[in-house]
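Trainee: Structure incoming, see below.
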Amino acid sequence: MKLFPMPFHSLLLFVVWLLLNNSVSAGHIVLAAFFAITIPLLVNGMRDEHPKILKPWLAIRYVLMVLKDILTANVEVALLIIGPIKKLTPGFVAIPINIDSDLGITILASTVSLTPGTVSAEVSKDKAWLYVHSLHLDDEAELIKSVKQRYEKPIKEIFGC
């Protein structure tokens, strides 16, 4: 067992404690050191091991692609709402997902929700399906293909899950 399992957190706790108390007296230094050692030791067992980012350059490209998709979708949703009157066809779609890690599933669901016009509603208990609500659902198969190709595939490559 390491004395400092989370050294950055220990240092942060130490400094923040002294800053919050606005004092560097011996008592505060001892108490800050006690908290800086004890708290990380107590919570270290609660940490989840997340998949490592295997391809950081792909992660950067993914973030830029998502930002572009968000901007594009904002314009499309705005045109749907303020444009000529059309009948919107909202609907739910069950998208099969093949991601093993909880973090990967969370990133996929969050990405879908960040894109205007779609919201992740639920992940099935067996983590095999992502239920998505779409504001205007023209083609269910196209939405599934788009989510799997644009979002799920890069997430699997980035995290190796």
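Quick note on this note's numbering: the sequence shown kicks off at 1111 and runs consecutively. Every residue, glycine too, gets a C-beta built ideally from N, C-alpha and C.
So for T1228, helix, strand or coil by DSSP?
Mentor: Three-state DSSP puts T1228 in a strand.
Trainee: Straight-line CA distance for F1144 to R1157?
Mentor: 20 Å
Trainee: Could you round the C-beta distance between L1224 and I1180 to whole angstroms and report it? I think they count as a contact, below 8 Å.
Mentor: 6 Å
Trainee: Count the other CB atoms, across all protein chains shown, that sit within 10 Å of the CB of L1113; report buried if there are 16 or more and exposed otherwise.
Mentor: exposed
Trainee: Would S1234 and V1203 qualify as a contact pair, given that the criterion is a beta-carbon distance under 9 Å?
Mentor: Not a contact, by the Cβ cut-off of 9 Å.
Trainee: Could you tell me whether the Cβ atoms of A1219 and S1230 are closer together than 9 Å?
Mentor: yes
Trainee: Whose CA, out of K1165, D1249, D1210, T1228, lies closest to the CA of V1242?
Mentor: T1228
Trainee: Determine the direct distance from the alpha carbon of P1206 to that of F1124, and round the result to whole angstroms.
Mentor: 46 Å
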